[in-house]
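For the sequence shown, the numbering used here assigns the number 768 to the initial residue and increments by one for each residue that follows.
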Amino acid sequence: MVNPLELSHALTHRDCDPGRRRLLRSVSAGMMGAGLAEMLSLQAVASNTTHRPGQAKRVLVVYEEGGISQMDTWDPKPQAPYDHRTPYQPIATNVPGINFSSLMPMTAWQADKLSVIRSMTTARVAGHMQGCQEFFKGYRFDSSFDFPDIGSVVTDQIGTDCPQLPGYIFCPGINMPNHVTSTGFLPASRAPWKLGTKNLGENLADPAWEVKSLQLNPKLSPERFHQRRELLAQLDRSDVAQTETAATLQSYYENAVDLLTSPRVQASLNLSAESDKTRDRYGRDHRGCCYLLGRKLIEAGVRFVSVTVIQPPEHVNRPGYGQPKGVFLNWDHHEGIYQNGPCGGPQGMSNQERFGLPHPVMMPSLDRSLSALIEDMHTRGLLEDTLVCFITEMGRTPRVNKWGGRDHWGRAMSVALAGAGVPGGQVIGATNKEGGDVTDRLYTPYDYAETIYRKLGIDTAARLRRPDGLPIEFTDGGHPIREVF
């Protein structure tokens, strides 16, 4: 057990050097594991920012992995050539003159809260990793240096409103974002906290799922846990916190303990605390649970939350599938995009699990969860100061290939924004009759990133500083999407 006198000395030492910080850190890390305790302590030392005025206080990014077809969601094209046209016709929304795909009937009733950008492009690239990286960073995927995530920059600039939790959270944090995320030249404390522990296969719909980094260290008995809490309480009553650094560190280690015991914090991560009506509205599958947990974290005051969705294979249970390992329900539908069954075929017989289920089978889940999220956040007043961004990493080809699928396409895609002063009921930009090329108001992931910063009140006319002292722009030449201000 840590000696209280040694710990007291660590806190009262004028500089609170790294060796003494490690001693103090052992108290909280011993309770909950080093990962989150380390992040909170680093965040405590580094965070000295105040929030600038802006229309948004928080950001919720919903990232659907695989590249959703723009023609089957936000930008239906009934005049496309017959051989390449989607079989799903446009439907009216609750905004006259705006149509969505008939695969989105519930979201269509939330159109008055949405700004749909049909003219987004990643023209230089049409790959999963590269597109994801550009949307998560606002910088070229082939940049000569490693630029930090947008969420990392945001928390570095304006901190968070929830000191008990990291300011940047992945919910749950899987696959593609895992590969591209980084803090770049920012401190390690700006990294996202990933609620999940797997790269693939995380399943929030499993009743046994839990945030493992918030579970008590199994090697720590209740008696020892109580002793460590008493130790922190003794320090709190003493005059040990003589320096600003020591006081800040002590505060965050106390918060680390609170994470394990605070009903409020635990409730923000407990989906079972929601009513059956709410659970059913979002959907009790993995996607619905991810979206709902994202809302709860925003409600708790977390600054930047990224909901990253790819359905786990163990959750797939469709007759006749014949896949012993199941399939990942992403949107990478190179084959059989409209068929009623698995998307595997001649091109992918060896890895049918890659292609998942077709758009019409997957879309009801997305439509339900997304419409529930927007409606719920509006009802709770969260849209007033939360920017919600619905993205995917690229579009899909306007022409159907010989396997009945749509391939990668970067020249045109759609994203949607809501909340934080974003005017609802509008469509921004346009594409040609096939949905493959932008014809009006072209925007890029760099413009998307610039829009997030501006909505949060971050002065992007200033410059970030690299470790070598050189100034660098917040985005790769991005400009705010003017129609959402």
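Just so you know, even glycine gets a beta-carbon here, dropped at the ideal spot from N, CA and C.
- Around the C-beta of Leu1137, 16 or more other C-beta atoms lie within 10 Å, and the residue is accordingly described as buried.
- The three-state secondary structure of Asp1235, taken from DSSP, is coil.
- Each residue's CA atom was taken as its position, placing Gly1177 and Ala890 some 5 Å apart.
- In this chain, Ala1139 is not harboured by any beta strand (DSSP E); it is covered by the alpha helix (DSSP H) spanning 1126-1146.
- Within its own chain, the residues whose Cβ lies closer than 7 Å to the Cβ of Asp1207, once the five positions on either side in sequence are excluded, are Ser886, Gly1196, Ala1197, listed in chain order.
- Nearest to Asp1174 by alpha-carbon distance, out of His946, Arg1221, Arg1163, is Arg1163.
- The C-beta distance from Val1189 to Phe1157 rounds to 12 Å, too long to meet the 8 Å contact threshold.
- The beta carbon of Val978 sits closer than 8 Å to the beta carbons of Leu962, Leu1036 from its chain, once the five residues preceding and following it are set aside; these are given in chain order.
- As the crow flies, the alpha-carbon of Met1144 is around 12 Å from that of Thr1045.
- Taking a cut-off of 8 Å for Cβ pairs, the segment 920-933 and the segment 1059-1077 touch, as three or more such pairs fall below it.
- When the five nearest sequence neighbours on each side are left out, the beta carbons in the same chain lying within less than 6 Å of the beta carbon of Pro915 are those of Thr950, Gly951, Leu953, in order along the chain.
- The beta carbon of Tyr1220 sits closer than 7 Å to those of Thr1227, Phe1241, all from its chain and outside the five residues before and after it, given in chain order.
- Between Ile1065 and Arg1233, the gap from beta carbon to beta carbon reaches 7 Å or more.
- Boundaries of the alpha helix (DSSP H) around Glu901: 895-904.
- In summary, Lys986 is exposed, with fewer than 16 beta-carbon neighbours lying within 10 Å of its beta-carbon over all protein chains present.
- For Asn866, the enclosing beta strand (DSSP E) begins and ends at 866-868.
- Collapsing the DSSP output to three states places Met943 in a helix.
- In the structure shown, Glu1102 falls within a strand segment according to DSSP collapsed to helix, strand and coil.
- Rounded to the nearest angstrom, the Cβ distance from Ala878 to Val862 is 5 Å, consistent with a contact under 8 Å.
- For the pair His1101 and Gly1171, the CB atoms are not nearer than the 7 Å cut-off.
- According to the DSSP secondary-structure assignment, Lys961 is paired through a beta bridge with Phe937.
- Looking at Asp1214, Gly940, Phe908, the one whose alpha-carbon comes closest to that of Ile1248 is Asp1214.
- Excluding five sequence positions before and after His946, the CB atoms of its chain that fall closer than 7 Å to its own CB belong to Met896, given in chain order.
- DSSP, read as helix, strand or coil, puts Arg1208 in coil.
- By the 16-neighbour rule on beta-carbons within 10 angstroms, Ser911 is exposed.
- Nearest neighbour of Gly1061 by Cα position, chosen from Gly1236, Gly940, Pro1125, turns out to be Gly940.
- Annotation: Arg991 to Asp923 spans about 35 Å, alpha carbon to alpha carbon.
- By the CB criterion at 7 Å, Pro1165 and Gly1203 fall inside the cutoff.
- Annotation: Thr1242 is outside any beta strand (DSSP E) and is labelled neither H nor E by DSSP.
- Straight through space, the alpha carbons of Ala859 and Ala875 are spaced by roughly 7 Å.
- Note on Gln856: under 16 other CB atoms within 10 angstroms of its CB, so exposed under the neighbour-count rule.
- A straight line joining the alpha-carbon of Pro933 with that of Ile1225 spans about 19 Å.
- Excluding five sequence positions before and after Ala893, the CB atoms of its chain that fall closer than 7 Å to its own CB belong to Met1161, His1175, Trp1176, Gly1177, given in chain order.
- Taking a 10 Å sphere around the C-beta of Ala955, we find fewer than 16 other C-beta atoms and assign the residue as exposed.
- For Gln1193, the secondary structure class from DSSP, reduced to helix, strand or coil, is strand.
- Cys1156 sits in a strand when the DSSP states are folded into three classes.
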